[in-house]
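Here's the structure we're looking at; comments come further down.
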Amino acid sequence: MMPAAIMRSIFQNRRASVIVEFAIIGPVLIMLLLGILWTGIQMQKFNALRSIAADVERYTVVEYQKNNKLGALQIKDVATSKAVRPPYGLTGDQLDVEVTQVASPMSGSKAYSLKLTYTPYDDLKGFGVPAIQMRYSQSIYVSDR
Numbered sequence: 001m002m003p004a005a006i007m008r009s010i011f012q013n014r015r016a017s018v019i020v021e022f023a024i025i026g027p028v029l030i031m032l033l034l035g036i037l038w039t040g041i042q043m044q045k046f047n048a049l050r051s052i053a054a055d056v057e058r059y060t061v062v063e064y065q066k067n068n069k070l071g072a073l074q075i076k077d078v079a080t081s082k083a084v085r086p087p088y089g090l091t092g093d094q095l096d097v098e099v100t101q102v103a104s105p106m107s108g109s110k111a112y113s114l115k116l117t118y119t120p121y122d123d124l125k126g127f128g129v130p131a132i133q134m135r136y137s138q139s140i141y142v143s144d145r
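The numbering used here puts the first residue of the sequence shown at 1, with every later residue one more than the last.
What follows is the structure, given as structure tokens:
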């Protein structure tokens, strides 16, 4: 066959055009799918931080009501143990928990500051997406009486 005849047969072949279209659009669709999946995973991790902070606050307040006075180190241990277990399942070596006792604006109460920092795996490093670090902080107020 002559080169012109080969080109004419390629341009007239419908199957070849579908393959070329998919070769162009397929990677874009796959990248969109991966981007949506990655965004959903990151949202789940941040919502996990929020829920962990709420659970730790609730646990601390209930323990103080039972007259079990928890210190900052114990609150930190509770936060870490809640974070690595289901339903949250965060990776422990990527989680930083900081609990400090701060001045309370109310007399007869204690205030703690809970700061959670999580750095998820950088799954999209190969695509040029920078790693993100998630931070969430929560104040915990308990009665000191």
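Ideal placement from N, C-alpha and C gives every residue a C-beta, glycine not left out.
Simplified DSSP state of residue i, which is helix, strand or coil
{"i": "Lys69", "result": "coil"}
{"i": "Asp77", "result": "helix"}
{"i": "Tyr121", "result": "coil"}
{"i": "Ile140", "result": "strand"}
{"i": "Val102", "result": "strand"}
{"i": "Arg145", "result": "coil"}
Alpha-carbon to alpha-carbon, residue j and residue i
{"i": "Ser9", "j": "Val18", "result": "14 Å"}
{"i": "Ala131", "j": "Leu32", "result": "18 Å"}
{"i": "Ile6", "j": "Gln12", "result": "10 Å"}
{"i": "Ile30", "j": "Met43", "result": "20 Å"}
{"i": "Gly128", "j": "Ile25", "result": "20 Å"}
{"i": "Gly126", "j": "Ser51", "result": "31 Å"}
{"i": "Ala4", "j": "Asp123", "result": "47 Å"}
Cβ distance (whole Å) where residue i is taken to contact residue j below 8 Å
{"i": "Thr100", "j": "Ser113", "result": "5 Å"}
{"i": "Asp144", "j": "Ser109", "result": "5 Å"}
{"i": "Leu148", "j": "Ala83", "result": "Since the first residue of the chain shown is 1 and the last is 145, residue 148 is not available in this structure."}
Check whether residue i and residue j have beta carbons under 8 Å apart
{"i": "Gln138", "j": "Ala23", "result": "no"}
{"i": "Leu90", "j": "Tyr59", "result": "no"}
{"i": "Met134", "j": "Lys45", "result": "yes"}
{"i": "Leu116", "j": "Val97", "result": "yes"}
{"i": "Ile75", "j": "Ala111", "result": "no"}
{"i": "Tyr136", "j": "Leu49", "result": "yes"}
DSSP bridge partner residues for residue i (one or two, in chain order)
{"i": "Gln44", "result": "DSSP output for Gln44 lists no bridge partner at all."}
{"i": "Val18", "result": "Answer is none; Val18 lacks a bridge partner."}
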